[in-house]
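Structure record follows, encoded as structure tokens.
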Amino acid sequence: MTRRRRTGRKVRVGFRPNRQQPGRTADWTRRYHQNQDELVDTRLSESVRAKGELSRKRTVIVGDDDVPVVDESLWEAGTVTSVHGLVCRVDDSGGRAWDCTTRRVLRTVLIEQRSPITVGDRVWFSDQSAYHDGERVGVIERVAERKTILSRRDRRSREHTMAVNADQLLIVASIAQPKLKPHLIDRYIVAAVKGDLRPVVCFNKMDLHAATPDLEDEELDASASSVEQVIEEYRRLGYCCLRTSAIAGTGLDELRDELTGHMTVFSGQSGVGKSSLLNALQPGLNLTVQTVSVESEKGRHVTAYARLLPLDFGGYVVDTPGIRQFDLWAVDPGELEACFIEFVPHVQHCRFSDCTHREEDGCAVIAAVESGEISPRRYYSYLKMLREV
67 MTRRRRTGRK
77 VRVGFRPNRQ
87 QPGRTADWTR
97 RYHQNQDELV
107 DTRLSESVRA
117 KGELSRKRTV
127 IVGDDDVPVV
137 DESLWEAGTV
147 TSVHGLVCRV
157 DDSGGRAWDC
167 TTRRVLRTVL
177 IEQRSPITVG
187 DRVWFSDQSA
197 YHDGERVGVI
207 ERVAERKTIL
217 SRRDRRSREH
227 TMAVNADQLL
237 IVASIAQPKL
247 KPHLIDRYIV
257 AAVKGDLRPV
267 VCFNKMDLHA
277 ATPDLEDEEL
287 DASASSVEQV
297 IEEYRRLGYC
307 CLRTSAIAGT
317 GLDELRDELT
327 GHMTVFSGQS
337 GVGKSSLLNA
347 LQPGLNLTVQ
357 TVSVESEKGR
367 HVTAYARLLP
377 LDFGGYVVDT
387 PGIRQFDLWA
397 VDPGELEACF
407 IEFVPHVQHC
417 RFSDCTHREE
427 DGCAVIAAVE
437 SGEISPRRYY
447 SYLKMLREV
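Residues 67 to 455 in the numbering used here are what the sequence shown spells out, letter by letter.
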């Protein structure tokens, strides 16, 4: 009988902590130096275990994308629509929902190579329904390479992957309740550019525009700007800007046009009205909404986890939980300037090739700020992000 040769290359991956070699229960060297006379024969009480790096790793055959090689013809293909702990909800090609866990060896490789499985991942899974009384249960065997990614840094300084394989990012910002935060929009734009997503800025709650005072971002030490000036600023940079209101129905047709035929990540600060917009676009979703705190003007967390939702008029949206802050992930200081589109034409004229555009002599970006070609607010936003990354 001829054995079928598996294509791929071998890699060594570590076991999970509960599978690693346990620590020794007795310190025989210290006991020997302390009291040699009472030292017992170690052969009678100490068991011998494998030692060294070799015993704490396993060999896995992986392909070019660093995931285990499997026979894809044996598995079902699907898309991850939500993640609850170790269980992923996966929709197959026929639209049926499956509750899937992840093969341990695959999960080990993914943890070492990148963030674990998240909403939007394309996967192949094995059918395990025969072992669960016919319920649609599966095991994820393989994950396709990601085309786009939206990540941020969590409070433990780890990568939090919010969604993958989407076409665009809809940055939802309210002009009031909570107040508009242009620097947060800038952070989202940088994350979108880093993850190969098209940024779309949605200025929501336009029904409160008449009662909205001029805003001033004190953290950036910039001059006071009105909401209209901020919107016009992003439009001059070439970003798609939408004005919407779920209550008044303002801009819903334009928003629907931008979403049709795309997979869009809805993200923004808590309380900006993401769920209200989705309910207005597709009333059958019946997403839970909540009011904003009057005292702090901070939104209350309503969406507990990210979900991939189909739209009746065509396309998909990833409804993500609201955030209080958005810290950038894996953005190097040298590539931050490329994420500010208005900086790009001036960078090549800087005197120094490694110019950080802070206080260097002959910096073309600083000269453009002084001449009015670059917005001072955007420049201060860049400086703050530069200090953080």
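Where a beta carbon is used, it is the ideal one built from N, C-alpha and C, also for glycine.
Buried or exposed by the 16-neighbour rule on C-beta atoms within 10 Å, applied to residue i
i      : result
Lys247 : buried
Ala239 : buried
Thr354 : exposed
Val431 : buried
His198 : exposed
Ala163 : exposed
Ser342 : buried
Val267 : buried
Glu298 : exposed
Val296 : buried
Ile241 : buried
Val153 : exposed
Arg424 : exposed
Asp252 : buried
Phe191 : buried
Phe392 : buried
Asp319 : exposed
Glu439 : exposed
Lys340 : buried
Asp323 : exposed
Asp427 : exposed
Arg373 : buried
Ser447 : buried
Asn352 : exposed
Ala229 : buried
Contacting residues, own chain, Cβ-Cβ under 8 angstroms from residue i (five flanking each side not counted)
i      : result
Ile17  : Nothing can be reported for residue 17: it is not among the residues displayed for the chain, which extend from 67 to 455.
Tyr371 : Ser148, Val149, His150 and Pro387
Ile407 : Leu303 and Gly304
Val455 : Leu394, Val397, Asp398, Pro399 and Leu402
DSSP three-state assignment for residue i, whether helix, strand or coil
i      : result
Thr95  : helix
Ser333 : strand
Glu282 : For Glu282, the predicted model reports a pLDDT of 43, less than 50, meaning its position is unreliable and no value from the coordinates is stated.
Ile251 : helix
Ala210 : coil
Asn345 : helix
Glu201 : coil
Ser223 : coil
Ala290 : In this prediction, Ala290 has a pLDDT of 41, which is less than 50 and means its spatial position is unreliable; nothing more can be read from the coordinates.
Lys340 : helix
Val455 : coil
Glu439 : coil
Ser350 : First, the amino acid is wrong: residue 350 is Gly here, not Ser. Looking at Gly350 - three-state DSSP - the assignment turns out to be helix.
His150 : strand
Val185 : coil
Lys76  : strand
Thr68  : Note on Thr68: pLDDT 49, under 50, position unreliable in the model; the coordinate value appears next. It is coil, neither helix nor strand.
Asp193 : strand
Val156 : strand
Arg109 : Confidence at Arg109 is low in this model, with a pLDDT of 49, below 50, so the placement of that residue is unreliable and no value is reported for it.
Cutoff 6 angstroms; reference residue i; Cβ partners in own chain excluding five residues on either side
i      : result
Ala258 : Leu235 and Pro265
Cys421 : Cys429
Leu325 : Gly381
Ala210 : Arg188
Gly261 : Thr214, Ile215 and Leu216
Arg301 : Cys307
Gly317 : Leu308, Arg309 and Thr310
Ile206 : Cys166, Thr168, Val189 and Phe191
Ile313 : Asp273
For residue i, the residue or residues it bridges with in DSSP
i      : result
Asp233 : Answer is none; Asp233 lacks a bridge partner.
Ser217 : Thr227
Thr310 : According to DSSP, which records beta bridges pairwise, Thr310 is partnered with nothing at all.
Ser447 : Paired residues: none, contrary to the question.
Ala239 : Phe269
Arg264 : Gln234
Glu142 : Phe191
Thr326 : Looking at the DSSP assignment, Thr326 forms no beta bridge with any residue, so it has no partner.
Neighbourhood of residue i by C-beta, 7 angstroms cutoff - its chain only, sequence neighbours within 5 removed
i      : result
Val410 : Ala404
Asp220 : His226
Asp193 : Glu142 and Gly204
His415 : Ala430
**Message:** In chain order, what are the residue ranges of uninterrupted beta strand (DSSP E) at least 3 long that sit wholly in the region 360 to 431?
**Reply:** Positions of the beta strand (DSSP E) runs, each at least 3 residues long and wholly inside the region 360 to 431, are given as 373 to 376 and 382 to 385 in order along the chain.
**Prompt:** Could you give the uninterrupted runs of the beta strand (DSSP E) lying entirely in the region 159 to 183, keeping only those of 3 residues or more?
**Reply:** Entirely contained in the region 159 to 183, the beta strand (DSSP E) runs reaching 3 residues are, in chain order, 163 to 168.
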